[in-house]
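Novice: What follows is a single structure, and I will ask about it in a moment.
In the working numbering, the protein residues as written are 345 to 537.
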C-alpha cells in the first residue's frame, strides 16, 4: 500500500480463515470488525529497525551477509546512532551490487537499502520542518524497498519481527492518589468562632 490516508482508522477484526506466520496478506470471504483501536505512532526509526530485522532474517549467508549482520547487531543495540557506519556499509554494498548487472545480487541491494534507511532515520533527531519530513519519507521508502525484497527472497514471520522492531507499550497505570487528610483545612481554621 503506497497510499496516504487523511484520517486513517485501524480496526481489530476476525476473519474466516486462520493466518499463517509468514502471511503478509490474508485472502478471506468474511471479515467481522470487533472494535476500533488506536493507531500506533510509528517513526522512521521503527521502519528502519523493521527493515534491518527483515533483512537479517532473509539474508542467511552469501556475499556481505556476515558484515551486514555484525553491523545490524551493533546498530540494533544502539551503538551506531550517528549513521556513519551505516553509510559506509550501504556504500560498500551498493558498489558491490552494481559491480555486475545489479540483478544477480538483490540481497546486496536489500542490505544497502536497509542500511540507508538507518542513515536517514538517524538524521531525523536533529532536523526540523521540511527537511525532517523529507528524511522521514526517504527512510520509510528505503525501508519498504528492503522489506519488499526480503519478502520476495523468503517467507518471514512478520508478526514477531514487527514486535521486535516496535515493542508493545506497557498499559497505562493510573497514578496513586493520596488519601484525603482528616484535618480541617486552613480556611475553616481561620474563621472566627
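Backbone N, C-alpha and C fix where the C-beta goes; we use that ideal spot for every residue, glycine too.
Per DSSP, which one or two residues make a beta bridge with residue 381?
Specialist: In the chain shown, counting from the first residue as 1, residue 381 sits at position 37. Its beta-bridge partners are 354.
Novice: Take the Cβ of residue 455 as the centre, count every other Cβ of all protein chains shown within 10 Å, and call the residue buried at 16 or more, exposed below.
Specialist: The residue you call residue 455 lines up with position 111 of the chain shown. Label assigned to residue 455: buried.
Novice: In angstroms with no decimal places, state the Cα-to-Cα distance between residue 410 and residue 376.
Specialist: The residue you call residue 410 lines up with position 66 of the chain shown. The residue you call residue 376 lines up with position 32 of the chain shown. C-alpha separation (whole angstroms): 45 Å.
Novice: Quick check: the Cα distance between residue 374 and residue 404, rounded to an integer number of angstroms?
Specialist: The residue you call residue 374 lines up with position 30 of the chain shown. The residue you call residue 404 lines up with position 60 of the chain shown. Those two C-alpha atoms are separated by around 37 Å.
Novice: Look at the alpha carbon of residue 465 and the alpha carbon of residue 475, and state the distance between them as a whole number of angstroms.
Specialist: Locating residue 465 in the chain shown gives position 121, where the first residue counts as 1. Locating residue 475 in the chain shown gives position 131, where the first residue counts as 1. Using only the alpha carbons, I get a separation of about 12 Å.
Novice: Return the first residue and the last residue of the alpha helix (DSSP H) that residue 481 is part of.
Specialist: In the chain shown, counting from the first residue as 1, residue 481 sits at position 137. It spans 473-497 - the alpha helix (DSSP H) in which residue 481 sits, taken as one unbroken run.
Novice: Relative to the alpha-carbon of residue 382, which residue among 478, 352, 358, 497 has its alpha-carbon at the smallest distance?
Specialist: Here residue 382 refers to the residue found at position 38 when the chain shown is read from its first residue. The candidate whose alpha carbon is nearest that of residue 382 is 352.
Novice: In or out: residue 415 buried (at least 16 other Cβ within 10 Å) or exposed?
Specialist: Residue 415 sits at position 71 when you count from the first residue of the chain shown. Only buried fits residue 415, as 16 or more other CB atoms lie within 10 angstroms of its CB.
Novice: Could you say which of 397, 359, 406 lies nearest to residue 501 if we only look at CA atoms?
Specialist: Taking the chain shown and counting its residues from 1, one reaches residue 501 at position 157. Checking every option, the nearest Cα to that of residue 501 belongs to 397.
Novice: Comparing C-alpha positions only, which one of 477, 428, 473 sits nearest to residue 460?
Specialist: Against the chain shown, residue 460 aligns to sequence position 116. Residue 460 has its Cα closest to that of 428, out of 477, 428, 473.
Novice: Between 393, 418, 425, which lies nearest to residue 505 when the distance is taken from Cα to Cα?
Specialist: As a first step, residue 505 must be located in the chain shown, where it is residue number 161. Here the closest residue by C-alpha is 393.
Novice: Can you look up residue 425 in the DSSP assignment and give me helix, strand or coil?
Specialist: Stepping through the chain shown from its first residue, residue 425 is reached at position 81. Three-state result, residue 425: coil.
Novice: Assign residue 419 to buried or exposed, taking buried as 16 or more other Cβ atoms, counted over all protein chains shown, within 10 Å of its Cβ.
Specialist: Translated into positions along the chain shown, residue 419 becomes position 75. By the neighbour-count rule (16 or more Cβ atoms within 10 Å), residue 419 is buried.
Novice: Output yes or no for whether 8 Å exceeds the beta carbon distance between residue 452 and residue 441.
Specialist: For the purposes of this step, residue 452 is identified with residue 108 of the chain shown, where counting begins at 1. For the purposes of this step, residue 441 is identified with residue 97 of the chain shown, where counting begins at 1. Their beta carbons are under 8 Å apart, which means residue 452 touches residue 441 by this criterion.
Novice: Determine the DSSP secondary structure at residue 399, reduced to helix, strand or coil.
Specialist: Along the chain shown, read from residue 1 onward, the residue named residue 399 stands at position 55. Of the three classes helix, strand and coil, the one that applies to residue 399 here is helix, per DSSP.
Novice: Measuring alpha carbon to alpha carbon, tell me which residue in 355, 363, 372, 399 is nearest residue 378.
Specialist: The residue labelled residue 378 in the question sits at position 34 within the chain shown. It is 355.
Novice: For the alpha helix (DSSP H) holding residue 418, just list the boundary residues, first then last.
Specialist: As a position in the chain shown, residue 418 is number 74, starting the count at 1. Counting along the chain, the alpha helix (DSSP H) containing residue 418 begins and ends at 409-420.
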